[in-house]
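**Student:** For reference, the structure I am asking about is given below.
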Amino acid sequence: MNRAVLRPAVAADAPAVTELVVALESSLYGGSTFSQADLEDEWSDLDHLEQNARVVCDGARIVGYGAVREPGGIGRAEGYVHPDALGRGIGRMVATRLEEDAARRGAHAIRNSVLEADSAGRRLLESLGYVAVRVFREMRIELDAPPPAPDWPDGLRAVPFDPDHDARDFHAASEEAFAEHWGRTPRDFESWSKRTMASGRFDPTLWCVVRAGDEIAGGTICTAGTYGGGFVLALFTRRPWRRRGVGAALLGDAFGRFWERGERSVGLGVDAANDTGAFRLYERARMTPALGWVIYEKSLGDRLALEGAPSRRSARWPSRLPTSCGR
């Protein structure tokens with residue numbers, strides 16, 4: 166462990182960090198769909214890469230990686246250790262440094278996500294005083310035939326997403342739909358549009374807007390070539406239209422759009438305890454868990470007192486833990 170050095174991540178680290186994440190996921194799940202393009206897309210959502218991401222180097226080799234996303238009231242973190250480097254204290258080095266970074270920038274607590282099958286990572290966080298509070302899972306389906314056309318409830322219609330006309334109303338509708346979700350922090354239009362419509366993966370033909378008259382009842386945000394195929398970044402139904410089959414129709418619509426695009430593997434992320442029934446909806450659609458993350462939480466009160474941290478501000482979830490709601 167004498168040669169291991171922790172330093173800020175830089176853009177040139179992307180290939181090595183990708184290899185690390187792929188190696189760990191493959192060792193735990195028998196494979197990985199993660200790519201360098203996925204990592205770079207996630208990094209584009211960080212305020213400052215060198216402030217929010219860290220790598221651990223053993224000589225010229227990167228063996229550990231972690232990031233905190235918009236540390237503030239509750240910092241959101243994730244960390245990885247190469248399976249060849251386990252048992253050397255690297256995970257502890259990453260986790261404690263992320264705590265320091267979050268506390269220094271105003272967090273009163275931190276939530277750290279670890280792969281559900283990573284028993285070593287889970288034991289580490291528990292030894293550091295973390296408590297498991299939630300489980301998120303990536304659901305996936307392999308399409309082997311064209312999906313049936315969605316069955317839209319009476320009075321609702323699906324229309325193309327028009328960035329110039331729909332963006333602000335779509336943002337407001339999705340914020341309303343997700344407002345009560347666990348761990349959710351409001352996102353203003355400017356930051357939302359930067360993350361979605363300014364992304365290199367933005368394709369409005371893969372989005373869906375469901376209207377009831379002039380109102381938006383629900384919608385999806387989808388991207389191609391993400392985490393190994395098509396990915397549903399968000400699926401929502403506003404409360405007045407829930408329990409009418411809108412969620413199932415939106416999911417079927419997404420499957421159809423991806424099929425036409427040539428994507429045969431489709432994934433999405435979901436809170437396993439989502440009280441809108443989203444997890445059951447995806448299971449009924451023949452989606453199965455591909456991997457999962459356990460979210461651990463820890464108070465940083467002692468660190469705040471020691472660090473003299475600045476005032477708190479809001480935070481969000483890592484990119485690969487999207488939320489979905491609606492039935």
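Residues in the sequence shown are numbered from 166 upward in steps of one, following the numbering used here. Note that CB positions come from ideal geometry on N, CA and C, so glycine has one too. It should be emphasised that the depicted structure is a prediction, and the values quoted were computed from it without experimental measurement.
My output table needs one value for S209: the three-state DSSP class, helix, strand or coil.
**Tutor:** Your numbering for residue 209 matches position 44 in the sequence shown. If DSSP states are grouped into helix, strand and coil, S209 belongs with coil.
**Student:** Could you compute how far the alpha carbon of E243 sits from the alpha carbon of D353?
**Tutor:** Within the sequence shown, residue 243 is the residue found at index 78, counting from 1. Within the sequence shown, residue 353 is the residue found at index 188, counting from 1. Taking the straight line joining both Cα atoms gives about 24 Å.
**Student:** Between the Cα of W154 and those of G294, G286 and V300, spot the shortest distance and give me the residue it belongs to.
**Tutor:** For residue 154 there is no data in the structure shown, the boundaries of the chain being 166 and 492.
**Student:** Can you name the start and end residues of the alpha helix (DSSP H) that L415 belongs to?
**Tutor:** Counting from one through the sequence shown, the residue named residue 415 turns up at place 250. Counting along the chain, the alpha helix (DSSP H) containing L415 begins and ends at V411 to R426.
**Student:** Cα separation between G238 and E380?
**Tutor:** Walking along the sequence shown from the start, residue 238 turns up at place 73. Walking along the sequence shown from the start, residue 380 turns up at place 215. Near 33 Å, if we compare the C-alpha coordinates of E380 and G238.
**Student:** Could you check what DSSP says for A218 in three-state terms: helix, strand or coil?
**Tutor:** Counted from its first residue, the sequence shown places residue 218 at position 53. If DSSP states are grouped into helix, strand and coil, A218 belongs with the strands.
**Student:** Figure out for me which residue from E448, R219 and R305 has the closest Cα to the Cα of S197.
**Tutor:** Counting from one through the sequence shown, the residue named residue 197 turns up at place 32. Minimum Cα distance to S197 is reached at R305.
**Student:** Fully enclosed by the region 235-319, which beta strand (DSSP E) runs are 3 residues long or longer?
**Tutor:** The qualifying runs are 239-246, 274-280 and 296-307.
**Student:** Where does V187 fall in DSSP's three states?
**Tutor:** By 1-based counting over the sequence shown, the position of residue 187 is 22. It is helical.
**Student:** Could you check how far apart the C-beta atoms of G432 and E303 are, in whole angstroms? I think they sit under 8 Å.
**Tutor:** For the purposes of this step, residue 432 is taken as the residue at position 267 of the sequence shown. For the purposes of this step, residue 303 is taken as the residue at position 138 of the sequence shown. The pair is a contact, with the Cβ atoms about 6 Å apart (cut-off 8 Å).
**Student:** Pairing CB atoms from the region 359-371 with CB atoms from the region 402-418, are three or more of them under 8 Å?
**Tutor:** Too few Cβ pairs lie closer than 8 Å, so no.
**Student:** In this structure, does DSSP put V175 in helix, strand or coil?
**Tutor:** Sequence index remark: in the sequence shown, residue 175 carries index 10 (1-based). Here V175 sits in coil by DSSP.
**Student:** Could one say the Cβ of S209 lies closer than 7 Å to chain C's Cβ atoms, at least one of them?
**Tutor:** Of the protein chains in the structure, only one exists, and it is not chain C.
**Student:** List the DSSP bridge partners of K463.
**Tutor:** Translated into the one-based positions of the sequence shown, residue 463 becomes position 298. Answer is I275.
**Student:** With DSSP as the reference, label A342 as helix, strand or coil.
**Tutor:** For the purposes of this step, residue 342 is identified with residue 177 of the sequence shown, where counting begins at 1. In the structure shown, A342 sits in a helix (DSSP, three-state: H, G or I).
**Student:** Taking 8 Å as the threshold, find out whether the region 288-297 comes into contact with the region 414-421 through three or more Cβ pairs.
**Tutor:** With a cut-off of 8 Å, the region 414-421 and the region 288-297 do not count as touching, because too few Cβ pairs lie within range.
**Student:** Cβ of V375 within 7 Å of Cβ of L321?
**Tutor:** Reading the sequence shown from its first residue, position 210 is the one you call residue 375. Reading the sequence shown from its first residue, position 156 is the one you call residue 321. Yes, these two residues count as a Cβ contact at 7 Å.
**Student:** Keeping to the same chain, check which residues put their C-beta closer than 7 Å to that of P328; ignore five residues upstream and five downstream.
**Tutor:** By one-based count along the sequence shown, residue 328 stands at place 163. These residues qualify, in order along the chain: M362 and P369.
**Student:** Kindly indicate which three-state DSSP category L321 falls into: helix, strand or coil?
**Tutor:** Sequence index remark: in the sequence shown, residue 321 carries index 156 (1-based). Coil, per DSSP.
**Student:** To the nearest angstrom, how far is the alpha carbon of L214 from that of F326?
**Tutor:** Taking the sequence shown and counting its residues from 1, the one referred to as residue 214 is at position 49. Taking the sequence shown and counting its residues from 1, the one referred to as residue 326 is at position 161. So the two alpha carbons sit approximately 31 Å from each other.
**Student:** Tell me the rounded alpha-carbon separation between T385 and R287.
**Tutor:** Within the sequence shown, residue 385 is the residue found at index 220, counting from 1. Within the sequence shown, residue 287 is the residue found at index 122, counting from 1. If I take the Cα positions, the gap works out to 33 Å.
**Student:** For the putative contact between T350 and D203, defined by C-beta atoms under 8 Å, what is the C-beta separation to the nearest angstrom?
**Tutor:** Taking the sequence shown and counting its residues from 1, the one referred to as residue 350 is at position 185. Taking the sequence shown and counting its residues from 1, the one referred to as residue 203 is at position 38. That belief does not hold up - the Cβ atoms of T350 and D203 are roughly 23 Å apart, past 8 Å.
**Student:** Excluding sequence positions up to five away, which residues of its chain have a Cβ less than 7 Å from the Cβ of A470?
**Tutor:** Within the sequence shown, the letter at position 305 stands for residue 470. Its pLDDT being 41, under 50, A470 is placed unreliably by the model, and nothing is read from it.
**Student:** Using the C-alpha atoms, what's the distance from G393 back to E307?
**Tutor:** Against the sequence shown, residue 307 aligns to sequence position 142. Against the sequence shown, residue 393 aligns to sequence position 228. Computed Cα separation, rounded: 11 Å.
**Student:** Could you check the C-alpha separation between V324 and A342 for me, to the nearest Å?
**Tutor:** Translated into positions along the sequence shown, residue 324 becomes position 159. Translated into positions along the sequence shown, residue 342 becomes position 177. Their backbone Cα atoms lie some 19 Å apart in a straight line.
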